[in-house]
Every structure is written in structure tokens, then in C-alpha cells.
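Here the structure is laid out as C-alpha cells; the discussion comes afterwards.
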RNA sequence: CGGGGCGUGGCUCAGCCUGGCUAGAGCGCUUGGUUUGGGACCAAGAUGUCACAGGUUCAAAUCCUGUCGCCCCGACCA
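Numbering (the numbering used here), first residue to last: 19 to 434.
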């Protein structure tokens with residue numbers, strides 16, 4: 019695709035309103051546009067990364083036999099009265115009223131709605147177990163939105179819900195989701211940890227959080243170097259009494275064994291094979307999809323800009339033609355792109371009539387894993403220069419070797 | 001919600017303390033020309049209710065009051 023057509027409004031200077039690294043880089047790279055405090059539009063590059071992340075999530079959820087659905091943004095308030103959570107959530111709920119004076123809210127989460135759906139359709143143990151998930155925008159009136167997508171009022175979440183006939187089934191689904199989550203965060207290129215957590219306002223018993231170490235993290239854990247474990251309390255290590263260090267973490271996922279809190283409150287019962295009517299046993303599993311963009315960037319940048327992990331990069335190769343009006347260069351670049359694209363590798367061609375420096379700086383800023391350069395050296399030697407964004411490794415290759423190099427490099431990454 | 005900071009062309013900012021002619025710079029943008037491997041150069045241009053409202057004054061971007069918006073720290077938070 020062409021840089022000039024994708025719509026990539028990069029900024030030369032750090033935006034005044036940006037605070038942390040990820041926020042600054044996402045704004046500068048033209049991934050995001052701030053509309054208001056805690057409210058962001060995703061520009062085309064941002065959407066590409068969001069879609070990549072969503073597809074990683076879909077792959078791993080589907081592999082655990084979870085099925086995607088899409089619930090509603092507008093939710094009737096009565097739903098929330100049944101479970102009593104209207105009191106817990108009142109502060110963060112954004113409420114609206116329609117022309118018939120019906121009270122609605124913009125969904126802050128979907129346990130109530132999915133339970134209504136389960137109640138309506140699940141009548142027998144023969145329909146269980148089942149896991150449903152969605153990737154959707156949630157709305158929360160945060161007291162203090164901050165750090166761009168880390169805490170915003172409108173954000174994208176993947177939320178999954180499991181339905182089982184007994185505790186063993188729930189435990190099995192929970193394990194599957196735990197496994198899927200580890201795979202998802204690995205694929206997103208994150209350095210993350212999994213810890214047991216409080217279930218809080220969600221209810222239920224067992225719960226795990228997925229946290230990524232980052233300077234701007236809002237959760238704090240204490241790490242014991244000798245035991246190589248994290249703890250919630252700031253005290254000598256409970257295991258070896260050694261000193262601990264403080265670590266800030268961004269929460270990117272949280273899973274809960276809910277049990278029957280919602281099914282009992284909302285009347286989601288099924289008939290078991292012993293003829294007894296029982297409440298469905300539920301679990302819920304959340305990932306902050308838009309928050310992941312920020313979390314990934316917080317962990318993957320250098321002084322030149324973003325360094326996207328392969329699987330969620332907006333493009334795999336950025337082609338820089340120095341002297342775009344040179345027909346030979348453009349033809350050579352176009353031919354390389356054609357061959358790469360037919361091999362399933364996504365390429366961005368910087369077709370702008372700008373000095374080389376601008377194109378290089380922007381290529382680094384955008385963080386696309388490989389940069390292919392066509393310029394004076396190509397005209398002299400017919401070799402394409404490939405630069406690996408993460409390592410700054412540069413290598414000059416003929417067209418065939420170039421394609422082979424990229425394929426091998428990308429394959430090697432996929433196997434990591 | 002408490003504390004602090006900020007709001008001046010599209011962007012980043014200077015000017016404000018100590019009020020005074022047509023409100024500035026850099027970048028970006030437009031036109032023409034020269035460039036073309038690292039945010040290039042020359043020339044000519046366009047773009048501002050100085051966040052908003054009120055007040056003080058002969059005179060307000062500048063002083064005073066209020067409001068709104070944005071950011072940071074804290075509190076809060078699946």
C-alpha cells in the first residue's frame with residue numbers, strides 16, 4: 019500500500035498533551051487522534067494494529083472452541099438492577115435516556131447481558147459447556163483517564179464468558195482460557211506475568227491477572243530476586259525474608275471463576291441429566307485490547323520510535339525509495355513489493371516526494387519490522403538494502419536473496 | 001474530588017512578571033525555482049475571535065473575577 023493513500027499524519031514534535039512514551043509515539047506516528055480527554059479515534063495505522071491484535075486473540079480463542087458473538091452497546095438499566103451491580107457500577111456508568119424515557123447505559127461490561135442470553139437459550143445440560151466471546155467497545159466514566167489508551171473512557175475489550183454444568187467444567191474452561199491468554203500475550207510480543215488476584219466487584223472465587231511491567235503501570239507488585247516471585251505486599255519476601263523491589267505493572271487481562279452469582283441473580287438455570295434444575299456455572303475472561311497497543315509500545319520502543327513485534331505490526335516491510343521520480347528505482351521497488359505481497363508479506367511503500375531523511379525518520383517512528391531501501395546504491399550495485407528495525411542490522415541483497423532473507427527472518431520469528 | 005501546571009496560526013513554543021504602534025519565531029501548508037542517501041535551499045505567499053465570558057484602564061495576549069478545556073500528582077478503579 020502507498021504511504022500517501024493510507025493516511026499517516028506523522029508529527030515532527032512531541033504533542034503537548036502527551037505524557038508517557040506510548041502515548042507520545044502513538045500520536046506522533048499517526049496511529050491515534052485525541053478527540054477529548056480519555057477519548058481517542060484510531061487512525062488507519064492504529065486500526066491495522068488493532069485488527070492484528072484482534073486476530074491474534076481470535077486465533078487463540080477459537081482454538082479453545084470459544085465462539086465469537088457481538089453484544090450491544092446500549093443496555094437497559096433493569097438488567098443491572100437484577101444483579102444489584104447498578105450500585106457498584108453507578109459511578110462509572112454513562113447513562114442515556116431515549117425518547118420513550120427508557121433508562122439505558124452504554125455498556126461498561128457485559129456479564130449481565132450475556133447472562134440474559136444464556137437464560138434465554140440454554141435449557142439443558144446438553145447445550146453445555148459453551149464459551150462465548152466478543153471484541154467490543156466499552157464505556158466507563160473514569161474519574162481520571164490517563165496515559166492515552168491505558169485508561170480511557172471508551173476502549174476496546176475482548177470479553178469471554180464460559181458456561182458449565184459443574185465446577186469441574188468451569189475449572190477446565192478456566193485452564194483453557196489461562197493457556198489461551200498466555201499465548202495471546204506472547205504473540206503480542208509482551209513480557210508479562212500471571213498472578214492470582216482478587217475478584218473484587220466481579221464476584222466469584224478464583225481469579226488471575228495478566229500484568230506487563232512498565233514505567234507507567236498503575237498496579238504495583240514487589241519482586242524477590244532470589245525467589246524470582248512477585249508479591250502484592252510491600253514487606254520482606256514472605257518466602258525467604260529477603261529484600262524486594264517495587265515494580266509497576268499495566269493490567270492487560272483478568273480472568274475470573276464467577277460461579278453462580280449472575281446465573282442465580284438473573285435466573286439462568288438449566289436442567290441437568292439428573293432432572294434437577296441448576297444455575298449455570300460461569301467464568302469470565304477479559305483483555306484490554308486497545309490498552310494492549312499502549313502496553314506493547316511501552317515495552318517496545320527505542321530513541322527512534324516504535325518497534326512493533328512482528329505479529330501485530332501494521333506492515334511487515336516499509337519500502338523507502340530515495341528519489342521516487344526515478345523510474346528505474348520505482349520499477350524495482352514495485353517489483354519487489356509485488357513479489358513480497360504474493361508471498362503474503364504486507365508492504366508499505368513510502369511514495370511521498372520528500373527528502374530521504376524524512377522518510378527514514380518516519381520509517382523508524384512507525385516501527386515497521388523491516389525497511390527496504392532503494393536509492394543510489396541500488397542503481398550502482400542492483401542490491402537492495404534491508405534494515406532490521408529492532409537491531410539496526412543492515413544488509414545489501416539482490417532481489418531474490420532479499421525475498422528469501424525476509425521470508426526466513428519472518429518464519430524464524432513466527433517460531434519463537 | 002483535593003493539590004499543581006498549562007491554554008497564543010495546522011504543530012511546537014516565545015511574548016505575560018513590569019499593560020502601549022500593524023502579535024512573533026521555528027516547523028508545516030501554497031506557488032515558482034534549485035535539490036534528492038539522512039527532517040535540504042532560495043524567493044514569494046496564505047493562515048490568529050491570543051480558550052470563553054465579564055471587569056479594571058485612555059489602552060488588555062499581558063492585570064482581576066468566573067467558566068470551560070487539557071496535562072501531571074494523589075484519591076478512585078474488572
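Note that the Cβ used here is the ideal one computed from N, Cα and C, for glycine as well.
ask   = Among the residues of its own chain, which have a CB less than 6 Å from the CB of residue 235, if the five just before and after it don't count?
value = 266, 267 and 268
ask   = When you compare each of 370, 426, 400 and 312 to residue 67 by their alpha carbons, which one comes out closest?
value = 312
inquiry  = Suppose contacts are defined by Cβ-Cβ distances below 8 Å. Is residue 7 in contact with residue 310 by that definition?
reply    = Outside the shown range of the chain, which is 19 to 434, sits residue 7, and nothing can be said about it.
task = Classify residue 331 as helix, strand or coil using the three-state DSSP reduction.
result = coil
query = On the premise that residue 288 lies in contact with residue 146, defined as a C-beta separation below 8 Å, what is that separation, rounded to the nearest angstrom?
reply = 7 Å
task = Please classify residue 26: does DSSP put it in a helix, a strand, or coil?
result = coil
inquiry  = Rounding to the nearest angstrom, what Cα-Cα distance links residue 392 and residue 420 in this structure?
reply    = 12 Å
request  = Provide the residue(s) that pair with residue 305 in DSSP beta bridges, ordered along the chain.
outcome  = 176 and 271
task = In the DSSP assignment, find the beta strand (DSSP E) that holds residue 392 and state where it starts and stops.
result = 388-392
DSSP-derived helix/strand/coil call for residue 171 = coil
task = Have a look at 72, 153 and 107 and flag the residue whose alpha-carbon is nearest the alpha-carbon of residue 160.
result = 107
task = In the DSSP assignment, find the beta strand (DSSP E) that holds residue 76 and state where it starts and stops.
result = Per DSSP, residue 76 belongs to no beta strand (DSSP E); it is in the alpha helix (DSSP H), 62-80.
ask   = Does the Cβ-Cβ distance between residue 222 and residue 277 come in under 8 Å?
value = yes
ask   = Given a threshold of 16 other Cβ atoms within 10 Å of its Cβ, counted over all protein chains shown, does residue 88 qualify as buried or as exposed?
value = exposed
The segment 55-75 touching the segment 198-209, judged by at least three CB pairs closer than 8 Å = yes
ask   = For residue 200, does the three-state DSSP call read helix, strand or coil?
value = helix
Segments assigned beta strand (DSSP E), at least 3 residues, entirely inside the segment 271-295 = 287-289
message = So, does the segment 421-429 touch the segment 366-379, judging by three or more C-beta pairs under 8 Å?
response = no
Segments of 3+ residues assigned as beta strand (DSSP E) that fall wholly inside the segment 84-111 = 84-86 and 92-94
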